[in-house]
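Our numbering puts the sequence shown at residues 168 to 554. Each residue gets a CB set at the ideal place from its N, CA and C atoms; glycine is no exception. Fair warning: this is a prediction, and the values are worked out from it, not measured in the lab. The block underneath contains the structure these notes are about, expressed in structure tokens.
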Amino acid sequence: MATLGGTLATSGDVQREQVEARVVERRRRLEDERKQRIFNAKQRTIGIDKQALERQRLEKEAADDMEARREAAFADRLLVTEQRVQLMERDVQRARKEATISVQAYREQMQAKHMRKEWDLNDPHALRKEQPARVGDQDPLIGPSSLQKFSGEDLDYGNRTRKQQQQQATWVVEQMMERQAQIDNEREMERLAAERQAEIDERRVQMEEEELRARDHMNLAVRDYNMALADVKKDRESTRRMQEMEDAEEEIRNQLNSDLLTENPNATTSSSNPNRYLKYNYKGMSPEQIAAIRDEQARQAAEREAQRMRDKEEEQNWDLVQEAVRRNLIAGEREVMRRKQELARQTAEEQRRQAEEARMRKEVLYKQVYAGAIDDSFFLQFGTTSR
């Protein structure tokens, strides 16, 4: 318990008195600072609010800096996307080259000239490999005109038949091996195509995830920037409200001794300079000043609309980049399918050509090579004419 003014006071009264004393002291300090600003001709503002303009300038610089960082981020993102598209194109070209090398290697290993069925017709050393005109009395190449072998004396029939059977069995085995090699090649091409498709899908998923992360990062930056702006605005509003309350209190105290509510126009200008307005006796703005403020508001609205259009155009650019990436991926898939179909078509044409050649070779053997059999008429013609 304490005694104030000869009466008994509680702790709450003491605290309230202390608060009121601090408030009075603060008001006196603010009044002294205000007098220093008003009566100092070098520091007081003349017709404008320098602090508000300075804040606007700082806010505009901060907004320009944020816009520059966003533009740089978008440029970096576009460069990364372009590089990835180029990497994918190089991968497609490498896959084409590998497929071409694989087909060429298969041709060199499995389709060499000396391995073809018609090699005996194209062999440049065929004459060196041929047998002499006569090897022995049992040479099957000796014809009837040689008088070395006559009809009915086919002593090598069994060996020839076995050789033909062996040759046919060899041809069947070779065809089976070629067919198996072709099947293995097709399976290998399918496996390579599946691996390439899986790699393309994986890269597409990675690019989509990175794009989502970039958008989330951008949204977080915009959110932080908006929150910072909101905090600054809140502090500014709080400061403004406190200033308005203080100005209102000051106005109430000064009404008894000032011309604030009078209609005397001379009270609003300075006595030393008629073009200088007194803030504490200001009666309002002129129509020209109001028009200037409205023009400034219209300009700011136009800037906001231009910023909104730029944001919309930026979003459209992002959509175009995504569409380009999607088209490139689809083009790669179509190229792989086209190569697979082309390989299947070439294989089918090669099989048809080989079948046609085998058919023609059989026709030549059975219609031309084996068509000259000897009968009795050949021997009956001897001794019938002088020639």
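Distance between residue j and residue i (C-alpha atoms, nearest Å)
{"i": "R244", "j": "Q467", "result": "31 Å"}
{"i": "A415", "j": "L197", "result": "14 Å"}
{"i": "L379", "j": "E355", "result": "36 Å"}
{"i": "V191", "j": "E413", "result": "12 Å"}
{"i": "A230", "j": "A459", "result": "24 Å"}
{"i": "A336", "j": "K529", "result": "16 Å"}
{"i": "E285", "j": "A525", "result": "9 Å"}
{"i": "I153", "j": "K264", "result": "Outside the shown range of the chain (168 to 554) lies residue 153, about which nothing can therefore be said."}
{"i": "Q334", "j": "Y533", "result": "16 Å"}
{"i": "P454", "j": "D462", "result": "12 Å"}
{"i": "R471", "j": "N393", "result": "15 Å"}
{"i": "M385", "j": "A511", "result": "49 Å"}
{"i": "A469", "j": "R390", "result": "23 Å"}
{"i": "Q410", "j": "N484", "result": "46 Å"}
{"i": "A473", "j": "R443", "result": "37 Å"}
{"i": "V181", "j": "R195", "result": "21 Å"}
Bounding residues of the alpha helix (DSSP H) (the contiguous stretch that carries residue i)
{"i": "N326", "result": "324-421"}
{"i": "E470", "result": "454-534"}
{"i": "A293", "result": "293-296"}
{"i": "N289", "result": "286-289"}
C-beta neighbour in chain C for residue i, strict 8 Å
{"i": "Y392", "result": "This model lacks chain C altogether, as it is built from one protein chain only."}
8 Å CB neighbourhood of residue i in its chain, flanking five on each side removed
{"i": "V252", "result": "A491, V492, N495"}
{"i": "A348", "result": "Y273, M277"}
{"i": "V372", "result": "none"}
{"i": "Q489", "result": "E378"}
{"i": "T514", "result": "Q349, E353"}
Close beta carbons around residue i, own chain, < 7 Å, minus the five adjacent residues each side
{"i": "V259", "result": "G499, E502"}
{"i": "E404", "result": "none"}
{"i": "A239", "result": "none"}
{"i": "A569", "result": "Limits of the chain in this structure are 168 at one end and 554 at the other, which puts residue 569 out of reach."}
{"i": "A293", "result": "D287"}
{"i": "K507", "result": "M356, A360"}
Close-in-space but distant-in-sequence residues of the same chain around residue i (CB under 6 Å, 5 per side omitted)
{"i": "L171", "result": "With a pLDDT of 47 at L171, under the threshold of 50, the modelled position of that residue is not reliable, and the figure given next carries that caveat. Closer than 6 Å at Cβ, skipping near neighbours: no residue."}
Which runs of the alpha helix (DSSP H) spanning at least 4 residues fall entirely within the region 251-289, listed in chain order?
286-289
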